[in-house]
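For the sequence shown, the numbering used here begins at 62 and goes up steadily by one.
For each residue, glycine too, the CB sits at the ideal point set by N, CA and C.
The structure displayed is predicted, hence computed values, not measured ones.
The structure appears right after this line, and notes come after that.
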Amino acid sequence: MHQILFHIGSYEVRAYGTIVAIAILLAAGLTMYMAKQAGKYEEHVLGLVIWAIVGSIIGARFWQVFFFEWHYYSQHLSEMFAIWNGGMSIQGGLVGGFVGGGLYTYFNKIHFWEFADLAAPGVILGQAVGRIACLMNGDAFGSPTGSNFGLVYPPGTFAYDTYGDQPLWPAEVWEGQWDLIVLALLFILKMRKQPTGYLFLYYNILYSFGRLMLEFLRGDTDRFAGLTAAQWTSLVVIVLAIGVMIYLKFKPAKTSEPRDKQEERGTPNPV
Numbered sequence: 062m063h064q065i066l067f068h069i070g071s072y073e074v075r076a077y078g079t080i081v082a083i084a085i086l087l088a089a090g091l092t093m094y095m096a097k098q099a100g101k102y103e104e105h106v107l108g109l110v111i112w113a114i115v116g117s118i119i120g121a122r123f124w125q126v127f128f129f130e131w132h133y134y135s136q137h138l139s140e141m142f143a144i145w146n147g148g149m150s151i152q153g154g155l156v157g158g159f160v161g162g163g164l165y166t167y168f169n170k171i172h173f174w175e176f177a178d179l180a181a182p183g184v185i186l187g188q189a190v191g192r193i194a195c196l197m198n199g200d201a202f203g204s205p206t207g208s209n210f211g212l213v214y215p216p217g218t219f220a221y222d223t224y225g226d227q228p229l230w231p232a233e234v235w236e237g238q239w240d241l242i243v244l245a246l247l248f249i250l251k252m253r254k255q256p257t258g259y260l261f262l263y264y265n266i267l268y269s270f271g272r273l274m275l276e277f278l279r280g281d282t283d284r285f286a287g288l289t290a291a292q293w294t295s296l297v298v299i300v301l302a303i304g305v306m307i308y309l310k311f312k313p314a315k316t317s318e319p320r321d322k323q324e325e326r327g328t329p330n331p332v
């Protein structure tokens, strides 16, 4: 667990930002691969990623400041924009990223649900890698295990400042592992014909379910009516995703043909 990887002169290269950047690159790379396999939207992946990144940064910080740690930031307003110190909510980042990506598909007249299905595996892969950043930074930590089992964070981390040298549940590690399980499940589901949009919605349900369960082990967030803000968010996402699945069952989303088939038929690309 090293918050600072190394120095370039007086500049600190932090683990959090470095690993998040790697996660974004891997997510974009897998999405590009999925697009090429489907034969559509390759030329839009980079543009969508840029819009999604901007939305993710805004959403992640907004969620963290106003939903998770407003009790702290209300007393330290000058730190609200200090994202280099950590404090980025994955759920907020996902919401912001979806909004940014949705706006990109709207302005470029792309089928949102098709693109969302292609992007879902990349997104969950990015989340899995991103949890390593939380581990290195000493945030998103668990509560004390009450035994010799658990992670012991070093001085200087948020976890140590909260619980000292008590062993804590490896909540962020297990969440990253759950994300990889979700990735595998998405590939399995993809092998079976699904209505357009379902793969993306399965991703939302599976990830949110895992987050809902693992939040019971977290020790870094307040609880409202017995649940954390992340758990309430997860419940809302699951309900909304199931509702959208029912809607798409009766009103299927539009689809487009792969580019090679369009060229064979001599029809223009709808996007």
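Asked                                                                                                                   : Found
For Phe219 and Tyr134, the rounded distance between their alpha carbons                                                 : 15 Å
Segment limits, beta strand (DSSP E) that includes Arg75                                                                : 72 to 75
Sub-8 Å separation of Asp226 and Val213 beta-carbons                                                                    : yes
Supposed close pair Gln152, Thr294 - CB separation, criterion 8 Å                                                       : 5 Å
Residue range of the unbroken beta strand (DSSP E) whose run includes Leu66                                             : 65 to 69
Own chain residues within Cβ distance below 6 Å of Met306, not counting five before or after                            : Leu262
Cross-strand partners of Phe340 (DSSP beta bridge)                                                                      : Given that the chain is displayed from residue 62 to residue 332, the structure contains no residue 340 and the question cannot be resolved.
Coarse secondary structure for Pro313, derived from DSSP in three states                                                : coil
Arg279 - DSSP class collapsed to helix/strand/coil                                                                      : strand
Beta-carbon proximity of Gly31 to Gly154, cut-off 8 Å                                                                   : With the chain represented from 62 up to 332, any question about residue 31 goes unanswered, as that position is not in the structure.
Ala89 and Trp174 closer than 8 Å at C-beta                                                                              : no
Selected residue, minimal CA-CA separation from Phe127, among Met149, Leu109, Ile114                                    : Met149
Cβ contact (3+ pairs, closer than 8 Å) linking the stretch 69 to 76 and the stretch 176 to 189                          : no
Sufficient close CB pairs (3 or more, under 8 Å) joining the stretch 96 to 114 to the stretch 199 to 209                : no
The ligand ATP heavy atom lying under 7 Å from the CB of Gly120                                                         : Absence of the ligand ATP is noted for the structure shown, with no ligands found whatsoever.
Phe277 versus Lys251, Ile266, Thr79, Trp230, residue with shortest Cα-Cα distance                                       : Trp230
Assigned exposure category for Asn265 - 16 Cβ within 10 Å defines buried                                                : buried
Same chain, Cβ closer than 8 Å to Thr257, neighbours up to 5 away in sequence not counted                               : His172, Trp174, Glu175, Asp178, Leu309, Pro313, Ala314, Lys315, Thr316
In chain order, each alpha helix (DSSP H) run of at least 4 residues that lies wholly inside the stretch 159 to 204     : 173 to 198
Residues of its chain near Gly302, where Cβ-Cβ distance is below 7 Å and the 5 sequence neighbours each way are ignored : First, the residue type needs correcting, since residue 302 is Ala and not Gly in the sequence shown. Cβ within range, chain order: Leu262, Asn265, Ile266.
Own chain residues within Cβ distance below 6 Å of Trp239, not counting five before or after                            : Gly271
C-alpha distance - Ala245 paired with Leu186, whole-angstrom precision                                                  : 10 Å
Nearest-angstrom Cα separation, counted from Lys97 out to Thr289                                                        : 39 Å
Buried or exposed (CB count within 10 angstroms, at least 16 for buried), Ile299                                        : buried
Limits of the unbroken alpha helix (DSSP H) element including Gly116                                                    : 106 to 124
Residues of its chain near Val31, where Cβ-Cβ distance is below 7 Å and the 5 sequence neighbours each way are ignored  : Because residue 31 is not part of the residues shown, which for the chain are 62 to 332, the question remains open.
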